[in-house]
Every structure is written in C-alpha cells, then in structure tokens.
Amino acid sequence: MQNRLFIEKAFLNGEFITFERTFSVVNPATGQAIGQLPDLTVENCREFIDVAHESWTSWRTTSIAERASILNRLFQLIEQHREELAQIMTLESGKPIQESRIEVAYANSFVEWFAEEAKRSYGQTIPTQDGKSRLQTIKQGVGPVAAITPWNFPLAMLTRKVAPALAAGCSVVLKPASQTPFTAIAFAKLSQEAGLPDGVFNLITSKDSKGIGEELATNEKIRKISFTGSTEVGRTLMQQASSTIKRISLELGGNAPFMVFKDANIDEAVKGAIAGKFRNAGQTCVAVNRFYIQAQVYDQFKDKLTAAVSQLKVGPGIEEDSQVGPLINQSGLEKVERHVQDAVNKGAQIEIGGQRINGLFYQPTVLSNVSRHASISFEETFGPICALFKFEHEEEAIQLANATPFGLAAYFYSQDVQQCFRVAEALEAGMVGINTGMVSNAAAPFGGVKQSGLGREGATQGLDEYLEVKYLNFGG
458 MQNRLFIEKA FLNGEFITFE RTFSVVNPAT GQAIGQLPDL TVENCREFID VAHESWTSWR
518 TTSIAERASI LNRLFQLIEQ HREELAQIMT LESGKPIQES RIEVAYANSF VEWFAEEAKR
578 SYGQTIPTQD GKSRLQTIKQ GVGPVAAITP WNFPLAMLTR KVAPALAAGC SVVLKPASQT
638 PFTAIAFAKL SQEAGLPDGV FNLITSKDSK GIGEELATNE KIRKISFTGS TEVGRTLMQQ
698 ASSTIKRISL ELGGNAPFMV FKDANIDEAV KGAIAGKFRN AGQTCVAVNR FYIQAQVYDQ
758 FKDKLTAAVS QLKVGPGIEE DSQVGPLINQ SGLEKVERHV QDAVNKGAQI EIGGQRINGL
818 FYQPTVLSNV SRHASISFEE TFGPICALFK FEHEEEAIQL ANATPFGLAA YFYSQDVQQC
878 FRVAEALEAG MVGINTGMVS NAAAPFGGVK QSGLGREGAT QGLDEYLEVK YLNFGG
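Have a look at this one:
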C-alpha cells in the first residue's frame, strides 16, 4: 500500500529489521494478505530485552521535561498522521474506517495525558515524632517493561501502556498481536521521528505468542509486564511472572451486563446499547454481553433496539458508510454461530439477524427471551449479538449482573437518582456506565475486578503502575 508508515519490519534499537522467516497479516474483510513481517524467535526476544535493559540506564536519568517534550512531539505527529494510521488499522483489523479514526484520537489522548502527568509524579515529606530525622518518598520508574497488546484496539491498547511507561522513565519491549501489528510499527516510526532515543522502545513481531510471552514474563531483566487479552492467557502469564516476582498489570476478559430499569429513557438506552455493543462488531473487552431489561419496558426496548439494529450497515471497513465490519477470524465467527444456535436451542427467538453473510461477516443480531442457561449468558461472545433477558426487580438485576467471575465494565439506565447510586455501588465491576454506553477516557482509570484483571490504565493510577515508591531517611 502507498503509505510511508506501512513498514514490513520489526523495530530494534532504533532500526527496522528483517528476518529470514516471515508470516502474513491478513485483511479479515477480504481474506487477502496485506503484508509480511519477521517471525522472530525466543532467542531474538532475549536480544530485544537486552537492548531495552541497556537503554534504560540512560532513559531513567533523562529529565522529566525532556521525556514530556518527546511525548508531546509524538502526540503532534500522531495527530498529523491520523488518516494514515486509521487506514492501516482498518486494513489489518477490519473495523470501520470511522471507528479507526476515532481510535487514533482516543489512543493519542493517552500520549497527551501522560506527557503532562509525568510532571506530577510527586513524592512526600513525612513528619517525624522525634524531630531529628527527615523522611521523604520519591517515585522512580520500575525498569524495563514488557507490553503485550491485543488485535482489537491495536493503537489504543499500545498507548495506554507505552505512554505511561515512557513518561515514568521505563524502556519498553512491545509484542503486538500477530493479527494487527502494522499499526504498532507505524507508531514505532513516529516515536523515532519524535526523537525517542534508540533502544528505549522496541517492537518484536512473531507468531510464537506463547514462547515470546513466556520469555517476557520470566526474563529477570524485565521488571514489569502489562498484558491485555484473555483471562486464560493472563492467568498463565501471572504464574510465569511469579518466578521473578515482577510487577504485573492485566486487563482481561469481560462479560458486561447492560440493565434497563422501568423508568429509564428508552430511546437513550437504545442509543447506548448500539454504542456499547456494536463498536468493532462487538469485539471489545467492554462490549455489552448480557442485556437485562425490566419486565415493564422489555417489549418496548426490544422493539426499538431491533429497529435500530436493522439500520446498521454491514460491509468492509474501508467503505466510508460501514458501521459493522467482519469478525477477526474463523474461530471468532464460529463462536458467534455456536452461541446463537445454543440460545435458539434453549428457547430464544431471533428478532433480527442470526446468519453469516459471507466470509467473516455476521448479521447484527437481536435475540429475545434468552434462557439464563444459554452459553451467551456466561461466556463472552465477542460478536454483534444482543442477548435480551427479562428481570422483575432491582435486586434480581444486580444478582444476575454479578453472577459471573468477570468484572470489567457494567452499564445501566435509570432516571431514579437514588437507584443510580444503589446499583452503581452494588455492581461488581471496575467501571460502571450510568446512562451511557461508553466508559473509556484517558483521565479515568480503566480496569476490572475479579477475573477481569489487576491494575489500572489511564488517569493518575496509570502512571503509578510504572513507578516504584522509594523511601529516604535522612538521619541527624
């Protein structure tokens, strides 16, 4: 493709590198390869780690003002190349181009945020009882960081990890998902142009996610690992990282409930449902998975949601009017089909959709009267499916919403202020959207509870994840 940011190479110590063995990256909308990338090995990964460890010794002593200046230049470069980045993202992920443009802006908000937040990594002066000692704390970067990012948000998940790491004075080895690595490589190019010193940010490409992940998790030179992906992989990385007692951040699977109470604004709830469900064809960790609708408004919500879903335009992401793109791969499509068939077998009705279109495209679907025993009620679907369940009273809704080992995001609609506080405080989730279907913001902490992960990204807490607190005691 004619895009100077589209580079078919990995990035090590300030240079773009090749390798004798390669793998293909496929556009899920067409099934055609868009490029080839080095299929690097675990042995190569050790070299990447060594480079990051060596560069950290100088980057950690670089002034906060200089680090912030580089991040600000990077922010400007991403802004200038928003369209090129969006085009690459859509080609490799399949998401609609309008969504890709929004993601670039969202991703860049983390670069801007942490460029400023770096200046506020404050320590403390602590009073003493004897009046003789002087006690202080300072914050310092944890050290070389390994970041492993998923395919569904190839730039936003990167900047949420890399921007605070760089701001804190940490060097980075990034392993992007093999399905969507080109957006990350474009970021590497722009970071180089922003003046980031060689070796501070390195990007390894490989199909051996298991082997590379284990090396990053167990290598003693890596002081922290940050991972976004499935709970199963996160559990494995956590076990592996324990061998070297390294810091770890995990943003894992979700099973988000979306509750509509009887006094909700139904039209607004439908808008929130569309936003919370169909972004990236439902392939987001905070996507709504279970719709719980109070009996008094169940039919009204169902009918209005079905009408709204019928208006969604399905098509290749590169088309300007596309709203729902393809699923990422065949296994993702088969899981959606399996969940829909299981729900129908257990009594659900298909209000709209329910069929594969062609290739990896699936019709936006609304299922009504879904059984609480259906797989879709307890497994994350990752597809454009709305599964509607009925509830009678508030306590039942909260119990159903919390009946999952996951706790990333939850959403509900109500115009009763007291109910809003009660429900928000009772939900077992790291993030709660109240009368909105969107929760992500660079200024707010992103993360879950229970088996949805550890730690937070974004906000002040997102910088603290990459900092150690050091206590200083001045005697005499």
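Going left to right, the sequence shown walks through residues 458 to 933 as our numbering numbers them. Glycine is no exception: its CB is placed at the ideal position from the N, C-alpha and C atoms.
- Burial check for Asn501: the Cβ neighbour count within 10 Å reaches 16 or more, so the residue is buried.
- For the pair Ile527 and Ala651, the CB atoms are nearer than the 7 Å cut-off.
- Per DSSP, the beta-bridge partners of Ser706 are Ser683.
- By the neighbour-count definition (other C-beta atoms within 10 Å, threshold 16), Asp655 is an exposed residue.
- In the DSSP assignment, Met546 falls within the unbroken alpha helix (DSSP H) covering 539-550.
- If you look at Lys632, you'll find it in the beta strand (DSSP E) that goes 629-632.
- Of all C-beta pairs linking the stretch 560-571 to the stretch 655-674, fewer than three are shorter than 8 Å, placing the two stretches out of contact.
- In the three-state reduction of the DSSP assignment, Leu694 falls in the helix class, which pools H, G and I.
- For Lys927, the enclosing beta strand (DSSP E) covers residues 924-931.
- The beta-carbon distance between Ile661 and Lys632, rounded to whole angstroms, is 5 Å. This is short enough to meet the 8 Å contact definition.
- A straight line joining the alpha-carbon of Glu914 with that of Ala866 spans about 14 Å.
- In this structure, the straight-line span from the alpha carbon of Thr582 to that of Ala901 is close to 27 Å.
- For Phe610, same chain residues with a beta-carbon under 7 Å away, outside a window of 5 residues either side, are Glu560 in chain order.
- Here DSSP, grouped into helix, strand and coil, assigns Ala713 to strand.
- The stretch 587-599 and the stretch 805-825 do not touch, with fewer than 3 CB-CB distances between them shorter than 8 Å.
- Annotation for Ala713: Val743, Ala744, Val745, Asn746, Leu865, Ala866, Ala867, Tyr868 place their beta carbon closer than 7 Å to its own, counting only its chain and skipping 5 residues before and after.
- Ranked by how close their Cα comes to the Cα of Thr498, the residues Phe476, Gly904, Val599 have Phe476 in first place.
- Of the other Cβ atoms in all chains shown, fewer than 16 fall within 10 Å of the Cβ of Gln768; this residue is therefore exposed.
- Within the DSSP bridge table, the entry for Ser481 names Gln493 as partners.
- The stretch 803-837 is shown to contain whole beta strand (DSSP E) runs of 3 or more residues at 806-809, 822-825, in chain order.
- Note on Glu852: under 16 other CB atoms within 10 angstroms of its CB, so exposed under the neighbour-count rule.
- Relative to Lys927, the option among Gln597, Phe903, Ile464, Leu762 whose CA is nearest is Gln597.
- Per DSSP, Glu677 lies in no beta strand (DSSP E) and is assigned neither H nor E.
- Under the three-state reduction of DSSP, Glu851 is assigned to helix.
- Straight-line spacing of the CA atoms in Gln489 and Gly789 works out to 18 Å.
- Taking a contact as a CB-CB distance under 8 Å, the pair Thr616 and Ala564 counts as one, their CB atoms being some 4 Å apart.
- When the alpha-carbon of Gly890 is set against those of Lys719, Glu725, Val482, the nearest one is in Glu725.
- With the rule of 3 Cβ pairs closer than 8 Å, the stretch 481-488 counts as touching the stretch 544-555.
- When DSSP states are grouped into helix, strand and coil, Asn659 belongs to the strand group.
- Between the stretch 787-807 and the stretch 822-833 there are three or more inter-stretch CB-CB distances shorter than 8 Å, so the stretches are counted as touching.
- The Cβ atoms of Cys843 and Phe748 lie closer than 7 Å to each other.
- Cβ contact annotation for Asn826 (same chain, cutoff 8 Å, sequence separation greater than five): Gly804, Ala805, Gln806, Leu845, Lys847, in chain order.
- Spanning the alpha carbons of Leu920 and Met614 requires a straight line of approximately 15 Å.
- Rounded to the nearest angstrom, the gap between the Cα atoms of Leu784 and Glu794 is 12 Å.
- Runs of the alpha helix (DSSP H) spanning 4 or more residues and lying entirely within the stretch 514-600 occur at 521-537, 539-550, 554-574, in chain order.
- From the listed residues Pro862, Gly887, His850, Leu857, the smallest Cα separation to Ser871 is found for His850.
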